[in-house]
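**Student:**
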Amino acid sequence: MNAKIKTPASGYSLITKERTQKLDLLQHLVVNIARAIVVCGPEGVGKSRLLKYFQEMSADSNIFCSINGDSRLSYEQVLDMLKQALVDKMPNLKIPPLSKLSEGLTGQNIKVVLVIDEAGKLAPGLIESLIAYANGQPALRCILVLTHSELYLKNSTDPAIEDCYQIEIPPLSEKQCGEFLEYLSTLPNSRVQFSSINETSVAELYRETHGIPGNILKYLPHPERGKTVDYGKPVLILAVIVLIGVALGVQWWSAKQTTETEQKVVSNLKPNNNQDSRKNKTLVSEQDKQKQFPVQSAAEQTVKKPNQLPIEPLATATPAAPPVQNRILESPKIETPLQKNYVVSASSTTDDATLNPDNLNAQTKPDNAGNIENQTQENTTATQEEGERWIKAEPVENYTLQLMALPDEQTIIDVMTRNQAIGEKLRYVKTKTKTGKDRFILLYGSYPNLEEAGNEASVLPKEFQKTWTRKISVIQQEILTTYSSNSAE
C-alpha cells in the first residue's frame, strides 16, 4: 500500500523526498510486519507530525490509539485505553479480552496501531512489557516515538527496544530549509514574507537551527492572529500636535500680555518727561560750573614751596610696582633637594606619557595580557579523549548530567561549540549500543549527590531542558565495554 502525499489538515506538509520515503516505509511495516517500530530523531525534527499525518491518511484502514508518554502510566492503564479505542471505533464489535485481541479482528483486515509519543517518559520496564504483549497479537502494532538520547537510555532499562525496527527522521538540508520557508510564506497569517527569502537569510537560518523544523518555527516571528487595528500611534501623534499647538498659543498670549503691559508703563511715564529733563539740565549746569570753578581742597590751599613739584591727583597715578598677586607668584621658592628631584621625575614621566601614547598603553596593559589572549585562543572545545580521561578520573559514586546521546559526533561538537559559555564542565565520550552502533554522549559536570545535580540542571540553557542524571560508574563501565569490543574487532 503506497501513501499518497497531500497537505495534511494538521499543519505543515512533508516537503522533502526523504520524509515521503519514511512515510511509505512506515505504512509498509504496519501492514506487513508484526514488529514494534521506533521512530527516532532530534527533538523538533517532526516525528510527531509525521505520525499525525500517517493517522490522517490511513484512518479508514487502521484503528489508532494515541497516547502521550507519562511516567505515571501503568501497563493496565495502557491496555484500558487500547480497549476504549476499539469501542469508540467499532461500537458494534464484541470486544474480546485483550489477551485474545487478534481473534476478534480475524478476517476484517484491520490493524490496531498503538502510538506512544514521547515514549522516553514511560516508567522503566513498561516498554519491555508492551513490546512483549504486541508480539503476541498479530493484529496489533506498536509505534514508539523517542529522541536519540531517550533511545540510548531505554536500551538499558528495556532491552527489547533494540529488536524494534527503527525509522530515523533526518533534519532538513539548507536547500530544503529554503523550500520550507517558501511553503510557510503561502499560508494564511504567514510568519515570513516571500520577498524576504534569499540565500543569505536561508544560510543564516540553517546555521542557527541545523535544519530542524521545530527550531525554524521558533526562530521565526509569531503569526499575528486576530490582530485588531491599533489606534494608539495615530492618537499619540494627534495628542503631540495638540500639545504643541497649546504650547505655542500660551507662548503667544504671554508675549502679547507682556507687550501691552510695557506699553501701559511707557504711557504712564510720558507726563513726567519734561520735569525730568529740566532736572537733568539743572544737574548738568551745576556740573559745568564745578568744572569751571573747582573747589580747592585743604591740601591744595597750603602754600607751595619754591622747588616742590605739584602733587598730581590720585586718580591719575599709575602703580609703580606690579600687583600683589603677581609679586607673590614671582617670589622665589625655596626648594629642598628632595623636592627638586620629585618635580623632575614627575615632569619627565608626564612628558613621556604625553609625547608617546604607546608608552601609556604599555604602562596600563597588564603584564599577563599576552598570556590571557593566548589562553583565549587556545580555549577550544574539549575532545573525546579529554572527556574520557575526565570521566575515568571522577569518583565512581558521583553523578553527572547526560544532555544528549547522538550517533553523529560532529553534531555533538557543534552543540559544544555553540554552548562554550557553559564552561569546562561540558564533555563528551564515545560508547556503543548493544548492536555495536556508535553513540556519542554529551555530559555536564560531576556532583556528589542527586540534589546538587538537579539544582544544576535547572539553570542550564533551554536547549538542554531534557537531562538525565546518571551514575558515573555506569558510564565508566560503558566506556570500558566499548574499548573491549574495539579490541575484539
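Here the sequence shown is numbered in the numbering used here, starting from 762 and rising by one per residue.
Virtual Cβ for every residue (Gly too), placed ideally from N, Cα, C.
A quick note: this is a predicted structure, and the numbers were derived from the prediction, not measured.
Using beta-carbon positions only, say whether Leu-1167 and His-971 come within less than 8 Å of one another.
**Tutor:** It is not a contact, given that the beta carbons lie outside the stated cut-off.
**Student:** Please confirm whether Ser-832 and Leu-901 have their CB atoms less than 8 Å apart.
**Tutor:** No.
**Student:** Buried or exposed for Lys-915, please, with buried defined as at least 16 other CB atoms from any protein chain shown within 10 angstroms of its CB.
**Tutor:** Buried, because 16 or more other Cβ atoms sit within 10 Å of the Cβ of Lys-915.
**Student:** Excluding sequence positions up to five away, which residues of its chain have a Cβ less than 8 Å from the Cβ of Val-806?
**Tutor:** Here the set comprises Ile-930, Pro-931, Pro-932, Ile-973, Pro-974, Gly-975.
**Student:** So, for Leu-1203: in the same chain, excluding its five sequence neighbours on each side, which residues have a beta-carbon less than 6 Å away from its beta-carbon?
**Tutor:** Result list for Leu-1203: Leu-1164, Met-1165, Ile-1173, Tyr-1189, in chain order.
**Student:** Looking at the secondary structure, which residues open and close the alpha helix (DSSP H) in which Phe-941 lies?
**Tutor:** Residues 935-946.
**Student:** Secondary structure at Asp-1169, three-state DSSP: helix, strand or coil?
**Tutor:** It is coil, neither helix nor strand.
**Student:** Looking at the secondary structure, which residues open and close the beta strand (DSSP E) in which Leu-1221 lies?
**Tutor:** Looking at the DSSP string, Leu-1221 is not in any beta strand (DSSP E), and its letter there is neither H nor E.
**Student:** State the DSSP-derived secondary structure class of Ala-1000, mapped to helix, strand or coil.
**Tutor:** In the structure shown, Ala-1000 sits in a helix (DSSP, three-state: H, G or I).
**Student:** I need the boundaries of the alpha helix (DSSP H) containing Glu-779, first residue and last residue.
**Tutor:** Unbroken alpha helix (DSSP H) run through Glu-779: 778-793.
**Student:** If you follow the beta strand (DSSP E) that Arg-1200 is part of, which residue opens it and which one closes it?
**Tutor:** Run containing Arg-1200: 1199-1208, per the beta strand (DSSP E) assignment.
**Student:** State the DSSP-derived secondary structure class of Arg-1188, mapped to helix, strand or coil.
**Tutor:** Looking at Arg-1188 - three-state DSSP - the assignment turns out to be strand.
**Student:** Let me confirm a value: Val-1157 is counted as buried when at least 16 other C-beta atoms fall within 10 Å, else exposed. Which label applies?
**Tutor:** The residue is exposed, with fewer than 16 neighbouring Cβ atoms inside 10 Å.
**Student:** Would you kindly check if the distance between the Cβ of Ala-964 and the Cβ of Glu-940 is under 8 Å?
**Tutor:** Going by C-beta atoms, Glu-940 is not nearer than 8 Å to Ala-964.
**Student:** Need the endpoints of the beta strand (DSSP E) that Arg-1231 sits in, please.
**Tutor:** Its beta strand (DSSP E) spans residues 1229-1232.
**Student:** Restricting to Cα atoms, I'd like to know which of Pro-995, Glu-1239, Tyr-1205 is closest to Asn-1180.
**Tutor:** Of the listed residues, the one whose Cα sits closest to Asn-1180 is Tyr-1205.
**Student:** Is Leu-914 helix, strand or coil when you go by DSSP?
**Tutor:** Leu-914 falls in the helix class under three-state DSSP.
**Student:** For Val-800, report the span of its beta strand (DSSP E) as first-last.
**Tutor:** It spans 798-801 - the beta strand (DSSP E) in which Val-800 sits, taken as one unbroken run.
**Student:** Between the Cα of Thr-1144 and the Cα atoms of Leu-1009, Thr-1019, Val-1176, which residue gives the shortest distance?
**Tutor:** Ranking Leu-1009, Thr-1019, Val-1176 by Cα distance to Thr-1144 puts Val-1176 first.
**Student:** Which of helix, strand or coil does DSSP assign to Thr-1161?
**Tutor:** Looking at Thr-1161 - three-state DSSP - the assignment turns out to be strand.
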